[in-house]
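*Asks:* The structure under discussion is supplied below as structure tokens; questions concerning it will follow.
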Amino acid sequence: MNDLIITNIKSLILPKKSEHALKGKEMDELTIIDDAMIVIKDGKMVYRGPKTEGYQASETIDAHDKIVSPALIEPHTHVVHGGSREHEMTLKRQGMDYLSILEKGGGILNTVESTRQASFDELYNKAATNITRMIQHGVLTVESKSGYGLDRDNELKQLKVSRKLEDNFPILMRHTFLGPHAIPKGKDSDVFLDEMIDLLDEAKDYADFADIFTETGVFSVEQSKKYMEAAKDKGFKVKIHADEIDPLGGLELAIDQGAISADHLVAASEAGKQQLAESDTVAVLLPGTTFYLGKNDFADARGMIDNGGAVALATDYNPGSCVTDNLQMIMAIAALKLKMTPNEIWNAVTVNAAHAIDADRGTLEVGDNANLVIWDAPNHEYIPYHYGVNHAYQVFADGKLIFE
Ligand code: NIG
Ligand code: FE
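Just so we're aligned: 233 in the UniProt record's numbering is position 233 of the sequence shown, and the numbers increase by one with no gaps anywhere.
Here it is as structure tokens:
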């Protein structure tokens with residue numbers, strides 16, 4: 001006897017299980033089975049395919065002609081932080097841009113102050129609200145970065161909060177040390193970078209990845225290389241915030257260093273985009289930041305995919321450059337501004353997002369954990385189309401209904 005049958009599924013969306021992230025044309029391939037059914041036992045997939053009579057279960061859920069997909073994967077967030085920065089909207093209206101706000105001690109450094117002042121519980125409770133909302137929007141795998149402590153105690157505090165979130169919610173998380181996220185006021189950047197390199201050993205107890213913000217006025221490509229090499233020596237896989245605003249060559253560095261992902265890439269060079277296709281690095285695009293920062297030039301997703309690269313999508317949820325934790329909204333921006341096809345978008349928030357954070361998730365094959373969403377939508381194109389609202393109808397973690 002199985003535990004659960006979900007039947008009368010109008011369309012079952014099945015990204016391809018693969019050893020590597022889907023690249024180039026593969027990103028436009030998605031298996032869709034109409035009039036489908038799913039069978040689950042002990043939290044795992046037993047059957048997925050056309051409706052059939054051959055299975056029995058103690059419970060049957062009628063999907064009433066709604067569609068089903070694997071739960072979404074969010075491969076880049078700064079979900080653990082203190083405070084908020086709504087006042088920056090006024091500064092931006094007055095003509096100050098993101099990097100000038102940071103240079104004047106605001107921006108990331110403002111959130112560093114709020115995060116240092118927040119207790120463990122305050123940080124936890126604030127992030128728990130966002131994680132709850134992510135789950136309600138169909139996300140069951142979340143990457144979470146430190147980077148608002150910029151000192152030993154506060155960086156580790158953020159990572160420990162992130163770990164506790166994973167303990168208390170029915171989700172899989174990946175934790176990233178982002179000590180070199182900004183330079184504390186009055187510090188020399190090389191001295192500070194060395195402090196963060198020294199902290200890698202302790203951070204290793206809590207973090208899977210090491211990340212750095214490579215940008216004008218923050219860390220140079222040379223400094224980033226030094227950090228990434230040190231992190232790899234200590235057993236980290238590396239990530240990078242690269243070419244978000246200025247084209248410094250962060251994507252090339254990421255590829256050269258064998259980074260698991262290179263994130264942002266709005267200003268990535270043509271050479272970098274060409275190299276992406278030959279690499280195992282996943283380009284994690286964050287179009288919600290371009291939207292929120294009020295810019296018109298979005299990352300060249302089309303160029304990256306058409307050249308044969310692998311692309312994933314994330315919110316980058318944070319208080320300064322993208323203040324939404326709704327990945328469905330990012331799917332809409334990807335359709336409208338990155339010119340990605342619906343199939344590419346679904347692969348980018350499932351299998352490719354999983355590869356960007358080394359998680360064996362994002363598919364619904366027999367034997368996979370039954371992490372899935374019933375969507376109140378007539379087809380898979382509808383979700384990026386009808387933007388700004390939540391289409392998740394029921395969310396199942398390991399075969400258990402956790403939100404409806
Ligand atoms: O990914 N660019 C650097 N870090 C974050 C933003 C952090 C912030 O503004 O608080 C990002 O965009
Ligand atoms: Fe980020």
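We put the CB at the ideal spot given by N, CA and C, even for glycine. Predicted model, so just to flag it, every value in this text is computed and none were measured.
What's the gap between the Cα of G362 and the Cα of E166?
*Replies:* Looking up residue 362 in the sequence shown gives position 362. Looking up residue 166 in the sequence shown gives position 166. G362 and E166: Cα-Cα distance of roughly 18 Å.
*Asks:* What is the rounded straight-line gap between the Cα of K225 and the Cα of Q257?
*Replies:* Start at 1 with the first residue of the sequence shown, and residue 225 comes out as number 225. Start at 1 with the first residue of the sequence shown, and residue 257 comes out as number 257. Distance between the alpha carbons of K225 and Q257 is about 8 Å.
*Asks:* I need the boundaries of the beta strand (DSSP E) containing P70, first residue and last residue.
*Replies:* Counting from 1 along the sequence shown, the entry for residue 70 is found at position 70. First-last of the beta strand (DSSP E) with P70: I67 to P70.
*Asks:* Which residues mark the beginning and the end of the beta strand (DSSP E) in which M196 is found?
*Replies:* Along the sequence shown, read from residue 1 onward, the residue named residue 196 stands at position 196. Looking at the DSSP string, M196 is not in any beta strand (DSSP E); the run it does join, the alpha helix (DSSP H), is S189 to A203.
*Asks:* Relative to the C-alpha of V221, which candidate in G235, K232, D205 and D246 has its C-alpha closest?
*Replies:* In the sequence shown, counting from the first residue as 1, residue 221 sits at position 221. That would be D246, whose Cα lies nearest to the Cα of V221.
*Asks:* CB-CB under 8 Å to D306, same chain, minus the five flanking residues each way: which ones, in chain order?
*Replies:* One-based indexing of the sequence shown puts residue 306 at position 306. Correct list, in chain order: G24.
*Asks:* Considering only their Cβ atoms, is the gap separating L285 from A299 smaller than 7 Å?
*Replies:* If you number the sequence shown from 1, residue 299 lands on position 299. If you number the sequence shown from 1, residue 285 lands on position 285. Result yes, Cβ atoms of A299 and L285 sit closer than 7 Å.
*Asks:* Tell me, which residues are paired with S11 by DSSP?
*Replies:* Counted from its first residue, the sequence shown places residue 11 at position 11. Residue pairing of S11 in beta bridges, as defined by DSSP: D34 and I67.
*Asks:* What are the boundary residues of the alpha helix (DSSP H) that D256 is part of?
*Replies:* Position 256 of the sequence shown, counting from 1, holds the residue named residue 256. In the DSSP assignment, D256 falls within the alpha helix (DSSP H) that extends over G250 to D256.
*Asks:* Would you mind reading off the limits of the beta strand (DSSP E) that contains I61?
*Replies:* Working through the sequence shown from its first residue, we reach residue 61 at position 61. I61 -> beta strand (DSSP E) spans A57 to D62.
*Asks:* Do you know offhand how far E404's Cα is from H391's?
*Replies:* Sequence index remark: in the sequence shown, residue 404 carries index 404 (1-based). Sequence index remark: in the sequence shown, residue 391 carries index 391 (1-based). Between E404 and H391, the C-alpha separation is close to 11 Å.
*Asks:* Which runs of the beta strand (DSSP E), 3 residues or longer, sit entirely within the segment 274–329?
*Replies:* 282–285 and 311–313
*Asks:* From L303 to Q56, what does the alpha carbon distance come to, in whole angstroms?
*Replies:* Here the question's residue 303 lines up with position 303 in the sequence shown. Here the question's residue 56 lines up with position 56 in the sequence shown. Here the sequence assigns Gly to residue 303, which means Leu is not the residue at that position. Roughly 48 Å separates the two Cα atoms.
*Asks:* Expressed to the nearest angstrom, what Euclidean distance is found between the alpha-carbon atoms of G83 and K44?
*Replies:* One-based indexing of the sequence shown puts residue 83 at position 83. One-based indexing of the sequence shown puts residue 44 at position 44. If you take the alpha carbons of G83 and K44, they lie about 39 Å apart.
*Asks:* Using only the alpha-carbon positions, how far apart do M1 and L150 sit?
*Replies:* Counting from 1 along the sequence shown, the entry for residue 1 is found at position 1. Counting from 1 along the sequence shown, the entry for residue 150 is found at position 150. Cα to Cα, the separation comes out at about 53 Å.
*Asks:* Excluding the 5 residues flanking D65 on each side, which residues of the same chain have their C-beta closer than 7 Å to its C-beta?
*Replies:* For this step, residue 65 is matched to residue 65 along the sequence shown. The residues are N8 and K10.
*Asks:* For the candidate residues I212, T176, E215 and S189, whose alpha-carbon lies nearest to that of E202?
*Replies:* Here residue 202 corresponds to residue number 202 of the sequence shown, with the count starting at 1. Ranking I212, T176, E215 and S189 by Cα distance to E202 puts T176 first.
*Asks:* Could you please give the first and the last residue of the uninterrupted alpha helix (DSSP H) stretch that includes D233?
*Replies:* Numbered from its first residue, the sequence shown carries residue 233 at position 233. Unbroken alpha helix (DSSP H) run through D233: V221 to D233.
*Asks:* Could you tell me which residues DSSP pairs with M173 in its beta bridges?
*Replies:* Looking up residue 173 in the sequence shown gives position 173. BP columns for M173 point to V142.
*Asks:* Shorter than 6 Å, the distance from the beta carbon of D316 to the closest heavy atom of ligand 3, or not?
*Replies:* This structure does not include ligand 3; its bound ligands are ligand 1 and ligand 2.
*Asks:* With which residues is P50 paired in a DSSP beta bridge?
*Replies:* In the sequence shown, residue 50 corresponds to position 50, counting from 1. Paired residue(s): A36.
*Asks:* From K234 to L401, what distance separates their C-alpha atoms?
*Replies:* Along the sequence shown, read from residue 1 onward, the residue named residue 234 stands at position 234. Along the sequence shown, read from residue 1 onward, the residue named residue 401 stands at position 401. Those two C-alpha atoms are separated by around 39 Å.
*Asks:* Tell me, which residues are paired with V395 by DSSP?
*Replies:* Counting from 1 along the sequence shown, the entry for residue 395 is found at position 395. Answer is V373 and F403, bridged to V395.
*Asks:* Taking a contact to mean a Cβ-Cβ separation below 7 Å, would you say A277 touches G308 in this structure?
*Replies:* To locate residue 277, count along the sequence shown from 1; it is residue 277. To locate residue 308, count along the sequence shown from 1; it is residue 308. Yes, these two residues count as a Cβ contact at 7 Å.
*Asks:* How many Å lie between K337 and P287 at the Cα?
*Replies:* To locate residue 337, count along the sequence shown from 1; it is residue 337. To locate residue 287, count along the sequence shown from 1; it is residue 287. Rounded to whole angstroms, K337 to P287 spans 8 Å at the Cα level.
*Asks:* For S261, name the three-state secondary structure that DSSP assigns.
*Replies:* On the sequence shown, residue 261 is found 261 positions in, with the first residue counted as 1. Of the three classes helix, strand and coil, the one that applies to S261 here is strand, per DSSP.
*Asks:* Is D321 near ligand 1, in the sense that its beta carbon is under 6 Å from a heavy atom of that ligand?
*Replies:* Reading the sequence shown from its first residue, position 321 is the one you call residue 321. Inspection of the sequence shows that residue 321 is occupied by Ser rather than by Asp. Yes, the beta carbon of S321 sits closer than 6 Å to at least one heavy atom of ligand 1.
*Asks:* Who pairs with M45 in a beta bridge, going by DSSP?
*Replies:* Indexing the sequence shown from 1 puts residue 45 at position 45. In the DSSP output, where bridge partners are listed per residue, M45 has I40.
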